[in-house]
Structure formats: structure tokens, C-alpha cells
Amino acid sequence: MDKLKQLLKETLEKITRIKDTGALQDLEVKIIGRKGELTNVLRMLKDMPEEERKTFGQEANKTKQALQEAFDEKRASLSSSMMKSALSNIDFDITEPGIREQTGHIHPLAKVQWEVENIFSQMGFAIMDGPEVESEYYNFEGLNIPAHHPARDMQDTFFIDKEPDKKQGRLVLRTHTSPVQVRTMEKYGAPLRVIVPGRVFRYEATDASHDTTFDQVEGLLIDKDISLAHLKGVMEEFLTRLFQREAKVRFRPGYFPFVEPGLELDFSCALCGGGGCKVCKKSGWIEFMGAGMVHENVLKAGGVDPKKYQGWAFGFGLTRLVMMRYAIDDIRLLKSADPRFLKQF
Amino acid sequence: MKISLNWLKDYVKIPPKYSAEDIGRLLTLHTAEVEEVMEQGKGLEGVVVGKIITLKKHPDADKLKIAMTDIGAKELVQIVCGGSNLEEGMIVPVALPGAYVRWHGEGDLMQLEVTKIRGEKSHGMICAGEEIGLPPCEEGEITKLHTSAKPGTQLTEALQLDDTIIEIDNKSLTHRPDLWGHYGIAREVAALTGTKLEKITSKVDAKKSHKSGKSLEIEIKNPDLCPRYIGVRISGIKVEESPEWLKRKLLAAGHAVYNNIVDITNFISSELGQPMHAFDSRFIDGGVVVRTAKRGEKMTTLDNKERLLTDKMLLICDHKKPVALAGVMGGQNSEIKEDTTEIIFEAANFDAPCVRKTSVALGLRTESVQRFEKSLDPALAETAMLRAIELTLKLCPSAKLESEIIDIDNSKPKNLTVKTTANRVCSKIGTQIAEKEIIRILESLEFEVKKTGEELSVKVPSFRSTKDVEGEDDIIEEVARIFGYGNIPSVLPLLPAKLPGENRERFLKHKARDIISLGLGFTELSNYSFYSADDIAKTGLETKDHIKLLNYLSQDQTHLRVSMLPNMLKGLREAIKYDKAPRLYEIGHTYREIGNFMPLEEKWIIGLTVGKNSFFEAKGSAEAFLEKFGAENVRITPSKNTEPYAHPAKCTEVAARGQQIGSIYEVHPEVITKYELAGSVSVFEINFTKLVSIGQRQHKYVQIPKFPSMEFDISVVLQEKVPAASVQDSIERSSKDLIESVELFDIYRGQGLGEKEKALAYHVIMRAKDRTLNDEEMAQVQKKVFQNLEKLGGKIRGK
């Protein structure tokens, strides 16, 4: 019996000292292998008296079991620490660049347009389209800008080389998205809640802040009781969501023949929060768009009864908004194919 | 338009609590946009009156002179100057070292120092007006001062520059004929500050002005174009310099000064907004005739230019010749001269569109045009005439009215009354404003309000009723702006229970962008909608399909695109400088002449790939795009009609649900060369308008197979001319039931094969829906496949 205890004790001590799996294996064979020390002890059982054999046998089996467990445990611990040291001992440079699938780029104009459409959609505005080549009727007359009205000076127009139509006048490249106001009213009547993002054209020499081609967003809300207070509400909500910071709007008198009262709308500078900085020219306000209550003549042109319905319209420069958002200082970049520009988006 | 604050104060007592800045802000928020509020003397520190004593040539520069100048110091100072009008004895503004100037009136302010110019010392600078914020000089000249102030006097003191100038953006006055003079602005300021507006009265009594000599005959042939014409003949005129107060007012308002008579007409224009004209009556034969020009008639205007006239233009003539272009500019033949002694004053009202059309046709825009084109109040002509006569008699004590004041008035006063209610006003503004307040506001702007029950009858003053105020909404605007837009609350409108429909096309356009940019790795461009006749020629497009601009800015942008290709190729040329293998795309409109008034406008997607495999990259991208987009039943087949810009052998049609929606092609090598590109460039073009109209497939999940598949590979050698599509088809046909998929995984050409041969390798997967296949079934299908391929002339490899 003592011999067994002795063996157990000595072996367990040896196991703790062992540092590699090979030595552990050797020891295991030596002690509990087929010709191992403990196995030899067990073989001696058959020569023992009945009584002794029973207790000794039980003890010997327990010892064997304990040793087996100790060997297994040591083996697991040795292999896990070996794995650990093997894995941590390799040269692997995690600062090398990741392997990326080539992705392309969405044009900044399209990105911001999508944002604008999303915000207005959430406020219940439908998104409308209209032709970019328009008739003078929809671009001007229908919007209460008769021929030879001084306001036509404000919008230098591209004309198409084509015989004019008796009713519609000449063909032009639309100078604003406003023609879609009358088109939409004609098609859907009132009430109406729409925005119209789209490309517009001006016959204007190109420089860093002017281009012949740019994008606008028109808005139109017509119902029975729509007021200027709603214009303030909608635009503050829109700008706040767009800039992700509380925006205030300010109205100033402005003149556009298709609205009355006519307004210029400024918003509190998103950069300085209204305190005054270089971007807002120290005024705290950024000029943003023209707006106003839709002129009676425009409602009539769209077949909407001005005695029953009233509402407002606005138009802002999407291109300008994009330039503001990304601090782009030259409008011509938006029409370039330069990857050094486009790949930034 | 420049407004002098001092001048405004002649008509309105501005309460002291309002600074000039405050007035500017009030006008911006309630009336019209103020661009700048500027103290006159600001920035003129260190600019003094100087007198040029001697003048000699610069030894080392042809155009420069050396002016020994008295600046009130003990000794004369030497200043180098290039002014072409320099002369000895001239009084000039001198910016001393330390003062700030703006070179040639442009750029940033610069501080002067004592410098040497071409070796000669220069103690400061003799200035042109624009360099120090005074009225500009003729090109190359410097400002000649008319002051008795001693040399060395600060310029602000010498010129009494103690005024503040409020500069108003003309565009924001487009609709306000009443605001084109100081008096109109004063009316607004009075309403905004709650103060009284002084009435402009004239001591001249029109009726009593007696006839002392020659009469004045006036005939109006086109009363529709000239609703009112007031004329008077005044003799005993002595043309001389205007008094200081008048010059100061005019200079402050940005006018040049000429002589007392011309200055009076400019004063009236700037005070009341009514342009006037003065003729030297020596050059007026007989009387005044107002008529339209004869076609081809000519006259020389005050600016010394001969003008070719049309029968749409209105003239002021005498009995022989035109003497002025009505409402636009006077004629040179009758202008006021130093020796003029008798004048004819004109204060008239002209048809706004006529003045405007004439101005546009002749490219001649004047202050007079600016005012007349806004539709002036005919009543204003009378006030202006009386005011002008009063001033003339005051400035020329010897002047006498030679004729009666002749007033031919065909104007029809509108006497416009607009009805509204406080409720209507509040409903549009969106806040409650008391009726009493509404009435107060309107009355402060000289509207007369009568109240009957709920209804307000608002009589519009004549100076507002020519065009600006027509109906109820205009009245509401008056209330809203004076009440203050800042006092309108911010309210979100209620959402209607029924929401508007979705714009599917817009939604899908953004989806297309996500697929093509983020999925397929293309970069989006935004090209112009135009290109040139040269582009049409290079790509072989048809000119007749295009619409052309009548007015264009450059020869590069004359036609509207019917194809997205030319601008993409130009984009590629730019992109390829920085990126060897760009993949580019655009979604945009095309505009095609189809014989209707309106062109056919469609939205297209064009994608572009470059390099050896460009065609198959374009094809693969189109296939992937259409699949992800959800197009149904897509077929890509060889083109029946090849476009001239496409490679004749590498060109396909793309159809979905049986409709052609686009094409995939390699760009014709000649086109590539013409665009100064090289290598292979391919394109997929999809008519997005059509693609959306066709609709998207119903996407249903396909059950994951329950039974195992059997697979085999097969390699077959074929003649080049046998298309891969037929090979694919013939394999699939071998067992429609059991062949699940056929994938072409390798194409081999070269060693071991004939010159016109290729080896295609396919991976075939077989499966039955209801059982596990056995070897015999597979062998049978394989056999059938071999037979079919051999029918195509194929040699099965390894068989």
C-alpha cells in the first residue's frame, strides 16, 4: 500500500516538473504503460491473499485513475501553452493594408439629393420630375412672368433653335425647376405636397461660382389653410435634419413674380451656429432660397381655385447645398471626371 | 442704388435710437436687400487735398510723370504718377504714406509707404476716385477736385464726407417702382420707425405759371406708349456749376455732376424716381412730337453712338428730327451746353415694356430705363416737373417760364381698391394680427382703409398701383413685411391621412447608383447635357436627331445630347490621366428631336470600361446590374443594326421582357482615335426610362434541393465560329429534366489546337427533383451531350 502512495506522490511531483509533451509521454509509459511500474504492481495482485487483494486492488485502480487524470490534464495544459507560444511567436504585421474589393463612388450631387428626397419624403412630400427642355409657357408665362417682364433678365435663358409653338412659345432649357409647379397642379390638382429636384440651365459665363448647368430643388405645398408659418416650420425641420444640428430660418422680403408675398429665406449658419464667421460673412445667416405664397395667377394656370386653396413654393440650389456641405470652392469640379475629386465621395 | 442717409433725413426724422446700421437692417428685413451701409469718409484717413505745383517727365518711364505737390507741408513733396490728365495747378486727392488705397479700384486695400518707382522717390500717391472709394474716373485719369480747401486738408473735411451711404440691391427693387428714389425709401423708413413722412410740395403753381413768351407745342402720336407728357419752356437759363449742397447729394448717391440743369434732372430722378430730360431749345425745331421711329431711322444718342432704330421704338422728336430715345437716353443734337440759355424740360410717363424692349434691342441700359421699365406712376411726372421748375428758379434767379406747363395726360388712373379681411390676412401669414394693427400698417404706407363689417376695402395709392399691387395677396404682403417676417411662428403642417404616391423611378435611380457604384465599382460622373457639332461628326450621330441651341456660350456646347457617349469619352480622357483603368458611369437625360414641338426626353444609364477585356467587363457589369436591379427575362443578342460609333463585330442588343432596352458594345476604333484615346473601350447603355416602365420581376425563393447532385466536366474543341451560346444551349438541351446548370469555366486557344479552334470547358450539374440519380442515368445524359456537341462539329477531349 505504501508503495502505491509513494508511486503516486513521486509521479505527481514529476508531472508538475515536466515541460514538454515528449517527456510527459515517456513518463506516462513508464508508470501506467503496459509494462509500467503501476501495471507491474497490479500484476502482483494475483499472488496476494483474497482479502488483501481486494483492498489493494481498489487502491491501485484509484491510483491509476488519479495518475491518468493528472497526465491528461498536464497534456492539455502543455499543448495549450505550446499553441499559445507558437501563435504569438510569429511575425504577422497587422498594419499592412487590408485587402479591399474595388468599390466605386456615387456623385456628391446624387448623394445630397438622396438625403434631401428622404427628408422631404418623411414629411409627406412626393417627389416629382419634369422635362429639362421646356416651353416658354411653363418656364415663364405660367409662372406669371409675361414676355418683357424685367424678371426675365434675372434668368438668362438658353433658347432652342426651333419654330415657336403658337400656344407654348419658344422652347428653352428650363431656367428653374418651377415649371413643374404648374405641370404638377395640372396633373394632380390640389391638395399637393411635392418637391422637384432637377437640373436647370442658365445662359451665363462659367467661373468658380457660376455654371451653365446646376441643380435645384423646388417645393410646393398647397392645401386649404397653408401659411408662411408652415414654410418656416417645414424648412427648419428640413435643415435641422440635413445638418444634424438645430437650424433657424429667417425670412426677408424678396421678389419673384410667381409668389406673393415673396421671400428670401436665410438659415442660421451651420458652421458658427449664428454667431458670425467667414462662411456667413459675419452675419450669422446664410442666404438659401427664394420662396413665398404661390401667386394667384400660378394657381389659376395650374387649374387650382385660389379661393379654395392656398400654399407656398420654394426653390433652392441643390448644387450650392452640395458645395456648402463639402466645402467645395469651385462649381466646375462637379462636372469634371477628375478621379482625384470624384473618389473623395 | 445708393441712398444717402443725410438726404433721407430731408423727408423723415429718424429717431435717434436708430443707427445707420439699424436702418440698413430694417430695410433688409422689411423692404429690400441692403448690400452695404458705408460711412462716406471711412478709409480715407491720410488722404489729403494736394495741389500740383510743377510737373516733369519721369526720366526712366514714358507714361509716368513727377509731380511736385503741395500737401500743406513746409516743402513740396515728390510724387510719381501716371494720370493722363495731370496738369500744373490741378487740385487732386493725395494718399499719403500710411493711407489705404485699392489699386485701380480692385482687390484688397493696400497700405502705402514711401517708395521708389523706377528710381524716383514717390511720397504717396495721387489717386483716381475708384482707388479711394469716390466716383470713378475715366480710364487712366485721376480725380480733379473742385474744392477751395487748402492743400493738406483732410479729404473728408474738404469734401464734407459726413454722410452714410446705404446701398440697396437693385434686383430686390424689381417690383417696386416707388422705391427708385430717396423719397420712396423715406416712406418705408417712416413706416418702419413709426415716424411722419414730410410731404414734398412745390411752391410753383402749375395753373398760375404764366405764359410770357414762346409757347410750347406738344403732339403725342402714340398715347398708348406715352400716357403722359409734361413739358415746359424756360428761358433766362445760365448754365453753371451746381451749388455745393446739390453736388454733395448727387455725389453721395453715386451720380457724376455736370452742370446745374443736368444736375437738377438727376436730382429729381434720385429724389422721386422720375427720370427727367432737359433739351436746349435752340436745337428744337418747332415743337415736340412723340412718335415711334421709322424702320431704319437713325439717331445719335448722348453717348455719341449712332443708333439704328426700329418701328417698335418710341422717339421724342421736334418737327424735323429725333431728339431723344424716349425713356432711354437723350440725343446728342439737343444736349445742354455751356451757352444754353433756354431749355425745354420733359417729365413724362412711357410704356414700361416699350422702354425695356428698346433698351434690350439696343443694348443700352440707363438709370432712366431702370426706372421706366418698372412702370412708373403717371402722377409722379407732375410732381417731378413742379419740383424741377422750383429748383431751376431757385438756382437760376434769372430764369422765367417762357411757356405754360403743357400737360398732355392720357393716363387712366387705376383707382384700385382691394377687398380683404383680417381673417384672410392672418390665414396666409399664419399668425394672429389684430385688425387694428393691419389697418395701421396699411395706412402708414399711404393705403386708405375702409372697414365695413368684416370686410376691409383697401384703396391702393397711385404710386403702388401701376404694377406692384394688384390684388389681395399684395396687400397681405404689405402687412406681413411691415408686421415683420421675424414675428411669424414656425409651425409644422399636419400630415394628411392619405400620403402621396412614391416616385418609383427616383427610388430606383438611387438603387441603380448603389448597385453600379458600390456593387460593381463604377464611379459616377455628372456630365453636361450639351456637346458640339464636332462630337456629332466624330461619333457619326445624325444631326437631324438633335435640337440645337439658338444662343450658346461656346462652340463646345451647341447641341443637346441624344447619346451619353460623347461626353463620357471626354470624361474618360480626363479620368485616365490619373487612373489607368477607370470604370465610369452616368445617369442622365437625353433629348431627341422627334418632329413634335417637345423633344423626346429619356433617362439613360451609360457605363464604360477600358482595357483588353473591356467588352466582357461591360457585358458582365450590365448582366450583374440587370440581375440585381430585378430586370426580368434579360436577353443579350447580337445587334441587328450597328450604330456608327460601335465596333461592328462587338455589338449586342439588350432586351428585357421582349423589349429592347439598351446595348453593349465596344466603341469603334476610329471613334477612339478621334477622341485621342487608345486601346479598347466598351460601353453598356440602358434606357432607364424603359427599364423602369417594364417593371421588376416578382422575386420568389427557390426551394433548396432535397436530393444530391451528380456532376461532370466536359471539354470540347470547336471551330471559332461556333458561338458559346449555342454550345451552352446544346448541352442544356441534352436533358431538360436532369441538367440543372451548365457553367463555362474555361476557354482555351493556342498550342495544341488549330488556328481557328477553341476549347471550351464546362462544368455540368445534374439533379432530379424526386430521387437520387444513378450512374446509368448520368452515363446516358453524358452520351447525349457528346452527341449534341459532335453535331456542332465538336471533338470531345479525353473521350
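In order, the protein sequence lines correspond to chains A and B. Taken in order, the first sequence gives residues 22 to 366; the numbers are from the working numbering. Taken in order, the second sequence gives residues 220 to 1018; the numbers are from the working numbering. All C-beta atoms in this analysis are idealised placements derived from N, C-alpha and C, irrespective of residue type, glycine included. Please read all numbers here as calculations on a predicted model, not as lab measurements.
Residue-chain proximity (residue i, chain A), Cβ-Cβ < 8 Å
{"i": "residue 569 (chain B)", "result": "no"}
{"i": "residue 814 (chain B)", "result": "no"}
{"i": "residue 1039 (chain B)", "result": "As displayed, chain B neither begins before 220 nor continues past 1018, which places residue 1039 (chain B) out of reach and without an answer."}
{"i": "residue 676 (chain B)", "result": "no"}
{"i": "residue 252 (chain B)", "result": "yes"}
{"i": "residue 798 (chain B)", "result": "yes"}
{"i": "residue 699 (chain B)", "result": "yes"}
{"i": "residue 858 (chain B)", "result": "no"}
{"i": "residue 825 (chain B)", "result": "no"}
Separation of residue j from residue i, as counted between CA atoms
{"i": "residue 789 (chain B)", "j": "residue 265 (chain A)", "result": "38 Å"}
{"i": "residue 568 (chain B)", "j": "residue 723 (chain B)", "result": "55 Å"}
{"i": "residue 353 (chain B)", "j": "residue 225 (chain A)", "result": "30 Å"}
{"i": "residue 365 (chain A)", "j": "residue 300 (chain A)", "result": "22 Å"}
{"i": "residue 583 (chain B)", "j": "residue 245 (chain B)", "result": "34 Å"}
{"i": "residue 762 (chain B)", "j": "residue 773 (chain B)", "result": "18 Å"}
{"i": "residue 500 (chain B)", "j": "residue 381 (chain B)", "result": "38 Å"}
{"i": "residue 122 (chain A)", "j": "residue 950 (chain B)", "result": "34 Å"}
{"i": "residue 517 (chain B)", "j": "residue 505 (chain B)", "result": "20 Å"}
{"i": "residue 329 (chain B)", "j": "residue 892 (chain B)", "result": "52 Å"}
{"i": "residue 315 (chain B)", "j": "residue 370 (chain B)", "result": "13 Å"}
8 Å Cβ cutoff, residue i in contact with chain B
{"i": "residue 230 (chain A)", "result": "no"}
{"i": "residue 135 (chain A)", "result": "yes"}
{"i": "residue 235 (chain A)", "result": "no"}
{"i": "residue 281 (chain A)", "result": "yes"}
{"i": "residue 363 (chain A)", "result": "yes"}
{"i": "residue 189 (chain A)", "result": "yes"}
Spatial neighbours of residue i in its chain, beta-carbon cut-off 7 Å, leaving aside the 5 residues before and after
{"i": "residue 966 (chain B)", "result": "977, 979"}
{"i": "residue 412 (chain B)", "result": "233, 234, 237"}
{"i": "residue 325 (chain A)", "result": "206, 210, 211, 243"}
{"i": "residue 297 (chain A)", "result": "303, 304, 305"}
{"i": "residue 421 (chain B)", "result": "605, 606, 609"}
{"i": "residue 344 (chain A)", "result": "352"}
Where the beta strand (DSSP E) through residue i begins and ends
{"i": "residue 639 (chain B)", "result": "636 to 640"}
{"i": "residue 226 (chain B)", "result": "First-last for residue 226 (chain B): 224 to 227, but that is the alpha helix (DSSP H), not the beta strand (DSSP E)."}
{"i": "residue 568 (chain B)", "result": "562 to 568"}
Endpoints, the alpha helix (DSSP H) within which residue i is located
{"i": "residue 445 (chain B)", "result": "Counting along the chain, residue 445 (chain B) falls outside any alpha helix (DSSP H), and DSSP gives it neither H nor E."}
{"i": "residue 893 (chain B)", "result": "888 to 893"}
{"i": "residue 33 (chain A)", "result": "23 to 38"}
{"i": "residue 726 (chain B)", "result": "723 to 732"}
{"i": "residue 368 (chain A)", "result": "Outside the modelled stretch of chain A, which goes from 22 to 366, sits residue 368 (chain A), for which no answer is possible."}
{"i": "residue 573 (chain B)", "result": "571 to 581"}
{"i": "residue 279 (chain B)", "result": "Run containing residue 279 (chain B): none; DSSP gives neither H nor E here."}
Close Cβ partners of residue i (< 6 Å) along its chain, the five nearest in sequence each way excluded
{"i": "residue 570 (chain B)", "result": "444"}
{"i": "residue 303 (chain B)", "result": "359, 360"}
{"i": "residue 273 (chain A)", "result": "285"}
{"i": "residue 275 (chain B)", "result": "285"}
{"i": "residue 455 (chain B)", "result": "617, 618, 619"}
Chain A residues whose Cβ lies nearer than 9 Å to that of residue i
{"i": "residue 240 (chain B)", "result": "Simply none; closest approach about 12 Å."}
Per-residue contacts from residue i into chain A (C-beta, under 8 Å)
{"i": "residue 710 (chain B)", "result": "248, 250, 251, 253, 254"}
{"i": "residue 741 (chain B)", "result": "125"}
Proximal chain B residues relative to residue i, where beta-carbon distance stays under 8 Å
{"i": "residue 300 (chain A)", "result": "Result: empty, since nearest Cβ-Cβ is about 18 Å, beyond 8 Å."}
{"i": "residue 316 (chain A)", "result": "692"}
{"i": "residue 331 (chain A)", "result": "646, 647"}
Interface residues of chain B facing residue i [CB-CB closer than 9 Å]
{"i": "residue 101 (chain A)", "result": "Per Cβ cutoff of 9 Å: no residues; residue 101 (chain A) is ~39 Å from chain B at best."}
{"i": "residue 271 (chain A)", "result": "248, 704, 705"}
Neighbour list for residue i in chain B, Cβ cutoff strictly below 7 Å
{"i": "residue 148 (chain A)", "result": "722, 725"}
Partners in chain A for residue i, counting only beta-carbon separations shorter than 7 Å
{"i": "residue 394 (chain B)", "result": "276"}
Own chain residues within Cβ distance below 8 Å of residue i, not counting five before or after
{"i": "residue 875 (chain B)", "result": "845, 850, 851, 852, 853, 854, 910, 913"}
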